[in-house]
Every structure is written in C-alpha cells, then in structure tokens.
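**Student:** Supplied in structure tokens, the structure appears directly below.
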Amino acid sequence: MDMYRKLPCSIEGCAETAFAGTPYCRNHHPAPLEATKSLVDAILADRNAINVDFADVSIVAADFSRIRFIGCRFKKATFSHVMFTGASFRLCFFDAASLDSCDFSGVDMDFCSFGDVDIFDCSFENSELIHVNFNGSRIKESTFSSSNLYDSRFILSELENSRFDDCDFKRAYYMPQKEKAVSTANSNIAEAVKDLEHLYL
Ligand SMILES: [Zn+2]
Numbered sequence: 203m204d205m206y207r208k209l210p211c212s213i214e215g216c217a218e219t220a221f222a223g224t225p226y227c228r229n230h231h232p233a234p235l236e237a238t239k240s241l242v243d244a245i246l247a248d249r250n251a252i253n254v255d256f257a258d259v260s261i262v263a264a265d266f267s268r269i270r271f272i273g274c275r276f277k278k279a280t281f282s283h284v285m286f287t288g289a290s291f292r293l294c295f296f297d298a299a300s301l302d303s304c305d306f307s308g309v310d311m312d313f314c315s316f317g318d319v320d321i322f323d324c325s326f327e328n329s330e331l332i333h334v335n336f337n338g339s340r341i342k343e344s345t346f347s348s349s350n351l352y353d354s355r356f357i358l359s360e361l362e363n364s365r366f367d368d369c370d371f372k373r374a375y376y377m378p379q380k381e382k383a384v385s386t387a388n389s390n391i392a393e394a395v396k397d398l399e400h401l402y403l
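Just so you know, we're using this note's numbering here: the sequence shown kicks off at 203 and counts up by one.
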C-alpha cells in the first residue's frame, strides 16, 4: 500500500501533508469525508495498513478488528467508537490524537506511541503492549487489565478512574503526574520503575 506514502499537499505554496492518501491536505481537499471513507474501505479490503497516514482524520464507528497496522501515523486523529480488537500494531504513532470509546482489547502492539493523547472510555485489556509510550497522555474511564506492559511508559500521564488489574509491570515506567481512582489489583506494580532517578539507568 505504498499509495499512502507521506507526500506534501499538491496546492502550490501549501506546506501541509497530503491527507488520507489523496494529493491534498485536509484544508484543500474538496471532500474530506469521502476521502476518509475510501481510505477506510481500502484498508478493510486489504486487511493491512502499511505506512498509512491517518493524520487529522476523524473516524466514527469503524471496525478495524484484526487489521495489521505497520508504520502508520495517527497524529491528531479523532476516533470515536472504533474497534481495533485483536489488531496488531508496529511502529505506529497516535501522538496528540483523541480516542473516545475505542476498543484495543487483545491487541499485539510493539514500539508504538500514544504521547499527549486523550484516551476516554477505551479498553486495552488482554493486550501485549510492549515498548508503548503513553507519556503525557490523559487516560480516563479506561482499562488496561490483564495486559503485558513490558517497557511501556506512563511518564507524566494523567490517570483517572482506570484499571490496571492483573497487569505485568515488569520494566514498565509508571510515573503519572496525576493519579485518581486507579486500581492495580493483582499486578506486580512493585516491579515498575517509579522514580525519575532510575529513568536513565
Ligand atoms: Zn494544502
């Protein structure tokens, strides 16, 4: 799927990145909603999303269950009621995205980033979250229960009304700047790195 390689907008003098596999950025695209829909349809047909640029895309209610995402960019994307159940992600970047009522349960995720992301009412249960960065993200009403958080990072995150029960915190960096009503029952939270002193060891 090299058709979605990151390219500049084709309007002369525009510095924005082309949007959803089209020649135009979101502002110059004559029909951004249709462009998003055809991007979703192409991914569902292919079952793979490789180097796809979802930056600034807004998607409500889509089912990406068991799709394979590699090297995708979701910067400032807005997803609501989107299912990623059992999907796999490698080198995917969700930075500054907004995720509302999305399902990432049973995912296999490696080297991904959710930096500065708003995560509300999402499930990351029963997942392999290896080397995943949640630094500076705002996580509310969400669950990570029964997941492997190996070498994942929650540095300066805000955690509220969320669950990390039965999680494996081995080598995880757990240093939220705000923590309210978070449960970690049956988790080896003692194995997590919890102070900045040990951050660069
Ligand atoms: Zn443009």
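Each residue gets a CB set at the ideal place from its N, CA and C atoms; glycine is no exception.
What are the boundary residues of the alpha helix (DSSP H) that Leu241 is part of?
**Tutor:** Residues Pro234 to Asp248.
**Student:** With respect to the beta strand (DSSP E) encompassing Phe291, which residues constitute its N-terminal and C-terminal limits?
**Tutor:** Element bounds for Phe291: Ser290 to Arg292.
**Student:** Tell me whether Asp467 is buried or exposed, calling it buried when 16 or more other Cβ atoms sit within 10 Å of its Cβ.
**Tutor:** For residue 467 there is no data in the structure shown, the boundaries of the chain being 203 and 403.
**Student:** Just mark Asp204 as buried or exposed, buried being the case when its beta carbon has 16 or more other beta carbons within 10 Å.
**Tutor:** Bear in mind that the predicted position of Asp204 carries a pLDDT of just 45, short of 50, making it unreliable; the figure below should be weighed with that in mind. With fewer than 16 other Cβ atoms within 10 Å, it is exposed.
**Student:** Helix, strand or coil: how does DSSP classify Ile391 here?
**Tutor:** It is helical.
**Student:** Rounded to a whole number of angstroms, what is the C-alpha to C-alpha distance between Ile341 and Glu214?
**Tutor:** Between Ile341 and Glu214, the C-alpha separation is close to 40 Å.
**Student:** Any residue with its Cβ nearer than 6 Å to a heavy atom of ligand 2 should be included. What is that list in chain order?
**Tutor:** You won't find ligand 2 in this model; what it holds is ligand 1.
**Student:** For Ile391, I'd like the list of residues in its chain whose CB is within less than 6 Å of its CB, leaving aside the five on either flank, ordered along the chain.
**Tutor:** The answer, listed in chain order, is Phe371.
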